[in-house]
Amino acid sequence: MACIFCDILSGKRDGHILYEDDSHLVFLDKYPIDDGHTLVIPKKHYERITDMDPEDVGKIFTLIPKIAKAVLLGSGADAFSLAQNNGKAAKQIIPHVHIHIIPRYNDKGTVWTKRQIPTDDVLSELAEKIKSAIT
Numbered sequence: 001m002a003c004i005f006c007d008i009l010s011g012k013r014d015g016h017i018l019y020e021d022d023s024h025l026v027f028l029d030k031y032p033i034d035d036g037h038t039l040v041i042p043k044k045h046y047e048r049i050t051d052m053d054p055e056d057v058g059k060i061f062t063l064i065p066k067i068a069k070a071v072l073l074g075s076g077a078d079a080f081s082l083a084q085n086n087g088k089a090a091k092q093i094i095p096h097v098h099i100h101i102i103p104r105y106n107d108k109g110t111v112w113t114k115r116q117i118p119t120d121d122v123l124s125e126l127a128e129k130i131k132s133a134i135t
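So for the sequence shown, the UniProt record's numbering puts the first residue at 1; every next one is plus one.
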């Protein structure tokens, strides 16, 4: 089965990359729930978090505060939600472990199901703002 996230990792597909280290890749969701919706993935392909070694689960979640802080600063959001789905019944669309960091805005409310389709230029501009906020 082809994996969109593995294609982004290999360079076969473009992604608005925010951060990369030896084990993880962070990029903007192409169909965000809200402005700045970010995905954190392990470079190694795992379908579910239960397939991962506990140490690798710890490493990916250790990265979340750093990325979430940059998402807040770069997007101007007031808060954020985290989500991580495992399996079709849980609404996991891409069968590669990923953690959603979804910015939340006081003036917009919190909606889980509404998706947008921003332009590539909008995503590129936002990616630069978030990348510059990563410390």
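No residue lacks a Cβ here, since even glycine has one placed at the ideal position from N, Cα and C.
DSSP, read as helix, strand or coil, puts Thr50 in helix. In the three-state reduction of the DSSP assignment, Ile67 falls in the helix class. If the five residues before and after Ile4 are omitted, its C-beta is found closer than 8 Å to the C-beta atoms of Arg13, Ile94 and His96, all from its own chain and listed in chain order.
Of the candidates His37, Asp29, Ile33 and His45, His45 places its Cα closest to the Cα of Ser10.
Using a 10 angstroms sphere on the CB of Ala2, the tally of other CB atoms stays under 16, which defines it as exposed.
Under the three-state reduction of DSSP, Ser23 is assigned to coil, being neither helix nor strand. In this structure, Val71 places its C-beta atom within 9 Å of the C-beta atom of Thr38. In the three-state reduction of the DSSP assignment, Val40 falls in the strand class.
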